[in-house]
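Visitor:
In our numbering, the protein residues as written are 24 to 128.
1) Go ahead and label residue 72 buried or exposed: buried means 16 or more other beta carbons lie within 10 angstroms of its beta carbon, across all protein chains shown.
2) Out of curiosity, what's the CA-to-CA distance linking residue 108 and residue 50?
3) Three or more beta-carbon pairs under 8 Å between the region 103 to 118 and the region 47 to 64, yes or no?
4) Could you tell me the alpha carbon to alpha carbon distance between residue 77 and residue 54, rounded to whole angstroms?
5) Alpha carbon to alpha carbon, how far is residue 104 from residue 64? Give it in angstroms, no decimals.
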């Protein structure tokens, strides 16, 4: 499974995913910081990468229909404090089954 980490999350999330055996890139890895959301989705589609973000705009299925996405994980966290985000995501990784998240939110 391949993932792209949005710019609103710590880049260390990509490292956590890589250590768990997943292919992960960050938006900043590809110098894509600041580009529009639709363009991020288009790039994720072309790379067949599920996007991981905290941006609720991506969860709008009227704008981004699930059948048009390689997968989307929108994290809803009490705090965006880096240690908290990394702790929660570390626990989340263990729930990934390795099955594609294509078409899922």
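All residues carry an ideal CB built from backbone N, CA and C; glycine is no exception.
Guide: According to the structure shown:
1) So residue 72 ends up on the buried side.
2) Distance between the alpha carbons of residue 108 and residue 50 is about 17 Å.
3) The region 103 to 118, when compared against the region 47 to 64, does not touch it at the 8 Å Cβ threshold.
4) Separation of residue 77 and residue 54 (C-alpha to C-alpha, rounded to the nearest whole angstrom) is 19 Å.
5) Cα to Cα, the separation comes out at about 25 Å.
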